[in-house]
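Protein chains in written order, with our numbering: chain A, 1 to 291; chain B, 292 to 582; chain C, 583 to 873; chain D, 874 to 1164.
Beta carbons are placed, not taken as given, at the ideal position from N, Cα and C, and that holds for glycine.
Given the structure is predicted, the values throughout are model-derived calculations rather than measurements.
Read the structure below first, then the notes.
4 protein chains.
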Amino acid sequence: MDIGFIGLGHMSHGMARNLLKAGHRLTVYNRTREKAKAVAADGAQLAESVADACRGEIVITMLADDEAVEAVTFGKDGILSTLARNAIHLSCSTISVALSDRLTEAHKEAGQHYAAAPVLGRPEAAAAGKLFIVAAGAQQVVHRCQPVFSVIGQRLFEVGKRPSLANLVKLSANFLIAAMIESLGEAIALVRKGGLQSNQYVDIITSTLFNAPAYRTYGAIIAEERYEPAGFPVAMGLKDIRLALAVGETAAVPMPVASIVRDHFLEAEAQGGSNSDWASLARVCARNAGL
Amino acid sequence: MDIGFIGLGHMSHGMARNLLKAGHRLTVYNRTREKAKAVAADGAQLAESVADACRGEIVITMLADDEAVEAVTFGKDGILSTLARNAIHLSCSTISVALSDRLTEAHKEAGQHYAAAPVLGRPEAAAAGKLFIVAAGAQQVVHRCQPVFSVIGQRLFEVGKRPSLANLVKLSANFLIAAMIESLGEAIALVRKGGLQSNQYVDIITSTLFNAPAYRTYGAIIAEERYEPAGFPVAMGLKDIRLALAVGETAAVPMPVASIVRDHFLEAEAQGGSNSDWASLARVCARNAGL
Amino acid sequence: MDIGFIGLGHMSHGMARNLLKAGHRLTVYNRTREKAKAVAADGAQLAESVADACRGEIVITMLADDEAVEAVTFGKDGILSTLARNAIHLSCSTISVALSDRLTEAHKEAGQHYAAAPVLGRPEAAAAGKLFIVAAGAQQVVHRCQPVFSVIGQRLFEVGKRPSLANLVKLSANFLIAAMIESLGEAIALVRKGGLQSNQYVDIITSTLFNAPAYRTYGAIIAEERYEPAGFPVAMGLKDIRLALAVGETAAVPMPVASIVRDHFLEAEAQGGSNSDWASLARVCARNAGL
Amino acid sequence: MDIGFIGLGHMSHGMARNLLKAGHRLTVYNRTREKAKAVAADGAQLAESVADACRGEIVITMLADDEAVEAVTFGKDGILSTLARNAIHLSCSTISVALSDRLTEAHKEAGQHYAAAPVLGRPEAAAAGKLFIVAAGAQQVVHRCQPVFSVIGQRLFEVGKRPSLANLVKLSANFLIAAMIESLGEAIALVRKGGLQSNQYVDIITSTLFNAPAYRTYGAIIAEERYEPAGFPVAMGLKDIRLALAVGETAAVPMPVASIVRDHFLEAEAQGGSNSDWASLARVCARNAGL
Chain A
1 MDIGFIGLGH MSHGMARNLL KAGHRLTVYN RTREKAKAVA ADGAQLAESV ADACRGEIVI
61 TMLADDEAVE AVTFGKDGIL STLARNAIHL SCSTISVALS DRLTEAHKEA GQHYAAAPVL
121 GRPEAAAAGK LFIVAAGAQQ VVHRCQPVFS VIGQRLFEVG KRPSLANLVK LSANFLIAAM
181 IESLGEAIAL VRKGGLQSNQ YVDIITSTLF NAPAYRTYGA IIAEERYEPA GFPVAMGLKD
241 IRLALAVGET AAVPMPVASI VRDHFLEAEA QGGSNSDWAS LARVCARNAG L
Chain B
292 MDIGFIGLGH MSHGMARNLL KAGHRLTVYN RTREKAKAVA ADGAQLAESV ADACRGEIVI
352 TMLADDEAVE AVTFGKDGIL STLARNAIHL SCSTISVALS DRLTEAHKEA GQHYAAAPVL
412 GRPEAAAAGK LFIVAAGAQQ VVHRCQPVFS VIGQRLFEVG KRPSLANLVK LSANFLIAAM
472 IESLGEAIAL VRKGGLQSNQ YVDIITSTLF NAPAYRTYGA IIAEERYEPA GFPVAMGLKD
532 IRLALAVGET AAVPMPVASI VRDHFLEAEA QGGSNSDWAS LARVCARNAG L
Chain C
583 MDIGFIGLGH MSHGMARNLL KAGHRLTVYN RTREKAKAVA ADGAQLAESV ADACRGEIVI
643 TMLADDEAVE AVTFGKDGIL STLARNAIHL SCSTISVALS DRLTEAHKEA GQHYAAAPVL
703 GRPEAAAAGK LFIVAAGAQQ VVHRCQPVFS VIGQRLFEVG KRPSLANLVK LSANFLIAAM
763 IESLGEAIAL VRKGGLQSNQ YVDIITSTLF NAPAYRTYGA IIAEERYEPA GFPVAMGLKD
823 IRLALAVGET AAVPMPVASI VRDHFLEAEA QGGSNSDWAS LARVCARNAG L
Chain D
874 MDIGFIGLGH MSHGMARNLL KAGHRLTVYN RTREKAKAVA ADGAQLAESV ADACRGEIVI
934 TMLADDEAVE AVTFGKDGIL STLARNAIHL SCSTISVALS DRLTEAHKEA GQHYAAAPVL
994 GRPEAAAAGK LFIVAAGAQQ VVHRCQPVFS VIGQRLFEVG KRPSLANLVK LSANFLIAAM
1054 IESLGEAIAL VRKGGLQSNQ YVDIITSTLF NAPAYRTYGA IIAEERYEPA GFPVAMGLKD
1114 IRLALAVGET AAVPMPVASI VRDHFLEAEA QGGSNSDWAS LARVCARNAG L
C-alpha cells in the first residue's frame, strides 16, 4: 500500500520501519525534517510537506497532542484539503475525544474516511511490532487498515464505530497507569518510612498480586528513582489526565483519583520536574512524606 | 510438629488441611465451635479452649481483626499466659502495626517468641498451598516456622527482624488492591458513559498493560457486578484501609488515594453495602456518575 | 456618560437601573430582546445590535461565560470592530484569565481600551448599588470608569494593571464560596447523623466563628434544602471551578479542595441537578452519607 | 459555688480568673504545678491532687486530649472515685465523641452527673469572658452549671441531652476552621502566582464575602506567614481532624475535605512543622505550588 506517515517520535520510528519491512511504500513527514532522515535511510520517501504525505490510500498521524493534529489536518494544504476522496486518515495519536469527534465529521464532509487507532505499548514494543492496537471507526474502514495493524501490532481490539471510543479507551488506560504509579508511590513512601527498601517491596508486589508489565516497568523505575531521562514526561502525562478529566466532565463522571494524579503532576511541575518521567509522581509522594 | 491453630475462617481451612496432610499434629480452636468440626473431620484435634491450642511448639493465629487477636492473646487463660517458654506465636492475621509491636514486646517479656506472617492470596490459593507469605521476626524464629511456611505457601518473603514490618507490607498490599479497584471503577464508569461495555473494556485492559491476577479477578467481578456474596467484604476492606491510614498518620505519610478509598467505602456502607464485596467500590463510582 | 450595556441577566438589571438613576445615557443590548425591555421602560435606549451599544465612551459587558463574551467581541460587527478608538470595553463578566488576556491584547491592537471589573454580590446587592468591585487595568482607564463604579458598587478594589488579575480574584472568590459550601455540607451531614438539626447547627456556626454574609446566606439555603429555583446554578458553579482549575494548571498550583468541589458538582449533574443552586453540593454530601 | 478546675492551659487561665472574679471558690489542679500558681495568686486554692479538686459541687476539666481526660477521670483517686454523689463533672475539653459517651455512662453508674461544654473562641475571648459555649447534657445538670456559663461565656448554645453532641459540634467547628484555612491557602497560592500580594487579597476577601472573625484572624496569620509561635499547633489540629474523621467513620459520613486537611497536616509534620500554627496548612499549599 501507499502510506503517508506524519509525526516521527520515539514510537513512530519502530512503527514506520515495520511498515517498510512489510513492503509498504511509505512517505514520511515531520515538522523537524532531521527526525525523518533516519526512516528515509531505511527506504521511506521524505515528504516536503503535509500534502506530499497525503497522496496514498492511508495517511497515518502519530503526533504529540491535539494542537499538532489540528495543525496538520485543518491547516493550509493540510490533510483535509489534500487527501483523496475515499482515502483514510488513521489517527494513532493520543488526542481528545472532542477532537476525534470533530475529525470524524470533517473527513466525512470532505468525502474522506477517518478512523482512530491509538496504541498501547512502549518504544521497544513499537520496534518489535508488538503493540496493542485499540481501533474504532466504520467497519470497512478499519478493515482496510488491517495491513497496517497486522504489521505494527500483536493484537487488535475493535471497540466500535465511533472513532473517539478508541481515544476514550486510550485516555482511560493512561489514567490507569498514572493511578497505579500514584498508588505505588504512596505505598512505597509508607513502607520506606517503616524501614523497608523500595526494591525489596517492589519485588514482593510484582512477584505476587501485581505480576503485570506496567507494575514491573514502573516499579523498577520508582525503586531506582530513575526519572531522568523520561520515557514519558510529566508534561505529557498531565496532558492525558487533563483530557481524561475533560471527557469525565462532559459525561458527568467524577474521577477523584484522576484529580489527585493531576494535583501531583502539578506539584511535580512546580518543583521543576516537567520533563522528568511521569513515574516521578512517586517522588512527589516521597517528598510530601519528608523522604 | 505440634501446632495449635486459632481462628478458622475461609482462609484457615485450606491452611489447616495442608498442615495435616503434611503430617503435623494440629489442635484447632475456634470461638464458634461448629466451624472447627470440618477440620476435625480431617484429623485435627478439637481444642476446648485457647489454652488447649497452646500446648505445642507453635500456635498460629488467623483471626479477623485486632480485637480478636487481643482477646485470645491477652485474655484470661490466653496465649500469653499459657504458651510454653520458647514456643512461638505465629500471627498470620492482618492486624495493625501497633498491635504487632505490642505482641512482640509482650511475648518477649513472657520468654516466648513472636513472628508475623500475613499471607497474600485468596481461599483457593490457601486450599492449594499456593499462598505468598510475608514474614518478619527474629531469624531463628522465622527459621523454626519454615515447616509451616513450606506447606501453606508457594513462596516466602522475609522482610526483616521487626515482626510488624510484615504487617505493614500486608496492609500496603491491601491498599494497593483497593486503589486498583477504585481506579478501575472510575475508568469503567468513564468508558461506560462513552458507550463501551464493561467486560469488553476489562478484557482489553487485562490482556495488555494489566495482565495480573488482581486485575483479572477484580475486573471480572466489576464487569459482572458480582458483589454478593462477598469474597472480602467492604467492612474488612475499610478496616484495612483504616489501619494503613493509621500507620501513615504515625509516620507522617500523606496517602490521598487511600483517603478516597476510605470515603468510598463509607459511601458504600451508607448505602447499606457493608457486607458486599470490596470490589463494590466500583459500584460507588458508577452511582456517583449516575449509572 | 454615554454607556452601552450588553447582557441583561439578574445582576445586570440592578446595575443598569442604577446607572440610569445617576443620569447616564444607557443603550442596552441583549440577545433575547425581551429581557432588555424592562430596562428600556426605565429609560434605557434599546439597541438593535451589538454595534448599536458600542457608540458611547464605555461599553459594559455582563455575560454568562467566555463563549458569550467572545461572540459579542470578536463576532461580525462586534465590539472590537465597532467601538471607537480610545473608548473602553469594561468587562464585568466572570470569564477566564486567558480570555481576559486575549481581550487586553485585541483591544490594544485596535486602539481601544479594556479593563476588567467583575463584581462580588448577589442580585439584591446589585439592585441596591452595594456591589463590591474588583477592578484591574491601566490606571487612567480604571479612573475613567469611576463614574460607573461609584454608582453600581459600595467599594472598589484595584488590583493592578493587568486586567486578568481582577478575573483571577473573582474566580478565586467563587472557589472560596464553593469550598465553604462543600465544607458546610460535610459538617452538616456529620452532625445530622449525630442527631442535630441542620438549622440549629447553622445558627451556632453563623452566630460565632463564621458570622459572615456568605455563611449566613448559604447556611440558610442548606438548612432549608432550598435548592430550587437556583440563585446561581450548579452548571455556572462548575464553569467557574473549571476556570479556576485551569489557571491553577497553567500556574502549577495544586488545588485539591477545588478538585473535590468539581467532582461533587459533576455528581450533582449526574443526578440531574445541573439547574439546582450550587449550594446543592451539600445535598451531594448528604446523599453520600445515606441521608 | 465550690468549683474544682483541672487543667490550666492558655484558655483555662482566663476562664478560671473570671470564675474567681464572680466570687466562686475555686480549687485548681494542674499536673505541672507551676502553671497553677498564677491562678493561685488571684485567689484560687492550689490542689495537691485530682481528688483535692473534686470536693465541690462541680469539677471542670479543660485538658489537651482524650488521654489526659481519661487519666484524671479513670485513674487511681481520679474524678470518678472521688467526686461526691450528685456532683457534676463538666468537661470543656475537645475530646472524642466516644470518650464523651463513655464518661456519660461511667458517671451515671457512679451516681454522679456529666455534661459536656466545649467552648469556641481564643485565649483573648476566654480572658474577656466572651467565649461561646456549646453545652449538652441532662437539662437540670446544664441548668446547675449556669453560674459557670454566665461568667465564662457571652452566649450558650444547648444542643441536646446526650453530652457527646456538644463534642460533635465542637469537632465539626474545628473541621470548618481547618477547611477554611486550607481553602484560603489554595486560593492565596493561586493569586500569588498571578502576581497579587497575599495581604491585598486577604483584605478584599475579608472586607466582602468573608467578613467573619475566623477569616480575619487566619487570613492575617497566613498573609504575614506568622506560623510561629503557634496559637493552636498542627499536632492539635491533626488530633481534632482525626477525631472528626473517626465519628464520620462510625456514622458512615464521607468527608473528603477533612481527608485533604488531614493529608496536609501530615505533610506539615513531615516537614518538621508539628509545633507550627495550624494555619501553616497554607504554607503546605504554597510549597506544593513551588512558592
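Where residue i falls: helix, strand or coil (DSSP)
i, result
"R778/C", "The question names Arg, yet the displayed sequence has Leu at residue 778/C. Coil."
"T934/D", "strand"
"N207/A", "Going by the sequence as given, residue 207/A is Ser instead of Asn. S207/A: helix per DSSP, three-state reduction."
"Y987/D", "strand"
"I832/D", "In the structure displayed, chain D extends from 874 to 1164; residue 832/D sits before or after that span and is not available."
"P454/B", "coil"
"L411/B", "strand"
"L371/B", "helix"
"L184/A", "helix"
"L481/B", "helix"
Classification of residue i by the beta-carbon crowding that lies within 10 angstroms, buried from 16 upward
i, result
"Q722/C", "exposed"
"Q985/D", "buried"
"A514/B", "buried"
"D950/D", "exposed"
"R262/A", "buried"
"R890/D", "buried"
"K461/B", "buried"
"K775/C", "buried"
"R85/A", "exposed"
"A1117/D", "buried"
Opening and closing residue of the alpha helix (DSSP H) in which residue i lies
i, result
"D554/B", "P547 to A561"
"A570/B", "Note, A570/B: premise wrong, no alpha helix (DSSP H); not H, not E."
"E158/A", "It is not in any alpha helix (DSSP H) - E158/A instead sits in the beta strand (DSSP E) that spans G153 to E158."
"T609/C", "From DSSP, T609/C is part of no alpha helix (DSSP H) but of the beta strand (DSSP E) over R607 to Y611."
"P1106/D", "Here P1106/D belongs to no alpha helix (DSSP H), and DSSP marks it neither H nor E."
"T364/B", "D357 to F365"
"G300/B", "That residue, G300/B, is in no alpha helix (DSSP H); it is neither H nor E in DSSP."
"G1092/D", "P1086 to A1096"
"R55/A", "First-last for R55/A: undefined, no H or E at that position."
Where residue i meets chain F, residues with beta-carbon distance less than 9 Å
i, result
"A270/A", "Absent from the structure is chain F; the protein chains it does hold are A, B, C and D."
Residue i versus residue j - alpha carbon distance
i, j, result
"K399/B", "L411/B", "27 Å"
"Q488/B", "L337/B", "50 Å"
"M302/B", "L311/B", "15 Å"
"A98/A", "L390/B", "53 Å"
"D1113/D", "A179/A", "30 Å"
"C727/C", "A707/C", "20 Å"
"F149/A", "G14/A", "13 Å"
"L1063/D", "A688/C", "25 Å"
"P795/C", "N1084/D", "7 Å"
"A1141/D", "A282/A", "18 Å"
"G767/C", "A926/D", "41 Å"
"L168/A", "E182/A", "21 Å"
"K712/C", "P705/C", "10 Å"
Beta strand (DSSP E) segment containing residue i, residue limits
i, result
"G586/C", "D584 to I588"
"V425/B", "L422 to A426"
* Asked: Given a limit of 8 Å on CB to CB distance, which residues of the segment 253-266 of chain A reach chain C?
  -> Within the segment 253-266 of chain A, the residues whose Cβ lies closer than 8 Å to some Cβ of chain C are V253, P254, M255, P256, S259, I260, R262, D263, H264 and L266, listed in chain order.
* Scan the segment 208-222 of chain A for residues whose Cβ lies nearer than 7 Å to a Cβ of chain B and list them as they occur along the chain. => Answer in chain order: T208, L209, F210, N211, A212, P213, A214 and Y215.
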